[in-house]
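Quick mapping for you: the protein sequence lines, in order, are chains G and B.
Residue 64 in the numbering used here is what sits at position 59 of the first sequence, and the numbering runs on without skipping anything.
Residue 117 in the numbering used here is what sits at position 112 of the second sequence, and the numbering runs on without skipping anything.
For glycine and all other residues, C-beta sits at the position ideal for the given N, C-alpha and C.
Everything numeric in this text was worked out from a predicted model, so none of it was measured.
Here is the structure we will look at, set down as structure tokens.
There are 2 protein chains.
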Amino acid sequence: MDNARETGSDLNPRFDRDGLITAVVTDAASGDVLMLAHMNAQALALTVETGLAHFWSRSRQSLWKKGETSGNMLAVEDLRIDCDQDAVWIKARASGPACHTGARSCFYRRVTASGLEPIDAAG
Amino acid sequence: MDNARETGSDLNPRFDRDGLITAVVTDAASGDVLMLAHMNAQALALTVETGLAHFWSRSRQSLWKKGETSGNMLAVEDLRIDCDQDAVWIKARASGPACHTGARSCFYRRVTASGLEPIDAAG
Numbered sequence: 006m007d008n009a010r011e012t013g014s015d016l017n018p019r020f021d022r023d024g025l026i027t028a029v030v031t032d033a034a035s036g037d038v039l040m041l042a043h044m045n046a047q048a049l050a051l052t053v054e055t056g057l058a059h060f061w062s063r064s065r066q067s068l069w070k071k072g073e074t075s076g077n078m079l080a081v082e083d084l085r086i087d088c089d090q091d092a093v094w095i096k097a098r099a100s101g102p103a104c105h106t107g108a109r110s111c112f113y114r115r116v117t118a119s120g121l122e123p124i125d126a127a128g
Numbered sequence: 006m007d008n009a010r011e012t013g014s015d016l017n018p019r020f021d022r023d024g025l026i027t028a029v030v031t032d033a034a035s036g037d038v039l040m041l042a043h044m045n046a047q048a049l050a051l052t053v054e055t056g057l058a059h060f061w062s063r064s065r066q067s068l069w070k071k072g073e074t075s076g077n078m079l080a081v082e083d084l085r086i087d088c089d090q091d092a093v094w095i096k097a098r099a100s101g102p103a104c105h106t107g108a109r110s111c112f113y114r115r116v117t118a119s120g121l122e123p124i125d126a127a128g
């Protein structure tokens with residue numbers, strides 16, 4: 006393990022073979038996980054610079070400013086990076102549903118031994 | 006997009022080319038993101054079955070029961086899956102530091118325009 010990467014103060018993301026790190030977005034108010042996406046170097050730089058979450062869309066293979074078309078942007082309240090710098094955690098204020106399905110969070114189903122159960126939207 | 010996968014009640018994880026999905030662990034009490042790891046089918050099944058978080062270690066290429074050596078297990082309070090079933094969110098009670106560095110959370114540094122800043126452990 007690269008010790009400087011774990012203990013240092015230099016941003017040195019460990020991008021995967023596709024040039025990406027993982028980004029987890031939580032709701033700054035509720036603490037709920039809203040979505041999970043990926044960032045390349047440019048998306049990370051733009052997120053830091055603008056305070057709005059940017060990702061790399063693997064399906065479209067393009068830079069993706071969250072909310073650019075839907076209007077549901079994610080304003081960054083806090084941005085953190087993990088020990089080995091291959092993941093970031095964004096605490097955000099969401100201006101609308103984070104999920105493309107219209108759900109507030111992408112994690113709208115519970116995994117149980119007998120299958121998936123929808124989460125009460127108020128839950 | 007596979008509609009049944011997004012709206013249905015069948016567990017049908019979309020494993021990546023390495024046979025993995027991403028797992029985000031948050032602290033059930035504080036809502037903080039503790040760690041991010043990966044699961045293969047067996048790790049997911051064992052997590053559901055035992056109520057303790059299991060992962061797949063990409064570095065060791067082996068099944069990994071979190072806390073098996075450190076004692077710092079993660080007891081699952083809630084397990085959710087996202088819209089396209091390539092990520093799960095575990096709300097857990099942590100019996101100790103989640104990070105191998107000894108930190109409570111792997112996300113112990115803030116990303117700023119001028120580099121990384123350590124987070125106050127009490128913060």
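Check whether residue i and residue j have beta carbons under 8 Å apart
{"i": "G56(B)", "j": "A80(B)", "result": "yes"}
{"i": "C88(G)", "j": "C88(B)", "result": "no"}
{"i": "V29(B)", "j": "V38(G)", "result": "yes"}
{"i": "G101(G)", "j": "S119(G)", "result": "no"}
{"i": "G36(G)", "j": "G107(B)", "result": "no"}
{"i": "E73(B)", "j": "A97(B)", "result": "no"}
Environment of residue i [buried if 16+ CB atoms lie within 10 Å]
{"i": "D21(B)", "result": "exposed"}
{"i": "P123(G)", "result": "exposed"}
{"i": "T12(B)", "result": "exposed"}
{"i": "N8(G)", "result": "exposed"}
{"i": "L121(G)", "result": "buried"}
{"i": "G128(B)", "result": "Unreliable positioning characterises G128(B) in this predicted model, as indicated by a pLDDT of 42, which lies under 50. The coordinate reading is nonetheless provided below. G128(B) should be labelled exposed."}
Nearest candidate by alpha-carbon position, reference residue i, set the options
{"i": "R63(G)", "options": "G76(G), V93(G), N45(G)", "result": "N45(G)"}
{"i": "F60(B)", "options": "V53(B), V116(B), K71(B)", "result": "K71(B)"}
{"i": "L68(G)", "options": "L51(G), R109(G), M78(G), L121(G)", "result": "L51(G)"}
{"i": "A27(B)", "options": "A58(B), G36(B), D15(B), G13(B)", "result": "The displayed chain sequence assigns Thr, not Ala, to residue 27(B). Residue A58(B) is the option with its Cα nearest to T27(B)."}
{"i": "R114(G)", "options": "S14(B), A9(B), N8(B)", "result": "S14(B)"}
{"i": "W94(B)", "options": "D23(G), E11(G), L41(G)", "result": "L41(G)"}
{"i": "F112(B)", "options": "R85(G), L121(G), F112(G), C111(G)", "result": "R85(G)"}
{"i": "R109(G)", "options": "R10(G), D32(G), D23(G)", "result": "D32(G)"}
Anticipated Cβ contact below 8 Å, residue i with residue j, distance rounded
{"i": "L25(B)", "j": "H43(B)", "result": "4 Å"}
{"i": "T77(G)", "j": "A48(G)", "result": "Looking at the sequence itself, residue 77(G) is Asn, so the reference to Thr does not match. Actually they are not in contact, since the Cβ atoms of N77(G) and A48(G) sit about 17 Å apart, beyond 8 Å."}
{"i": "D125(G)", "j": "R19(G)", "result": "About 38 Å; that fails the 8 Å criterion."}
| task | Taking a Cβ distance cut-off of 8 Å, strictly less, list which residues of the region 22–40 of chain B are near chain G, in chain order. | result | T27, V29, T31, S35, G36, D37, V38, M40
Inset, instruction - Pull out every residue of the region 86–97 of chain G whose Cβ sits closer than 7 Å to any Cβ of chain A, in chain order. - result: The structure shown has no chain A; the protein chains it does contain are G and B.
Query raised in the report: Can you list, in chain order, the residues of the region 95–118 of chain B whose Cβ is nearer than 8 Å to any Cβ on chain G?
Result: Listed in sequence order: C104, H105, T106, A108, C111, F112, Y113, R114, R115, V116, T117, A118.
At a CB distance below 7 Å, what residues from the region 56–83 of chain B approach chain G? Give them in sequence order. D83
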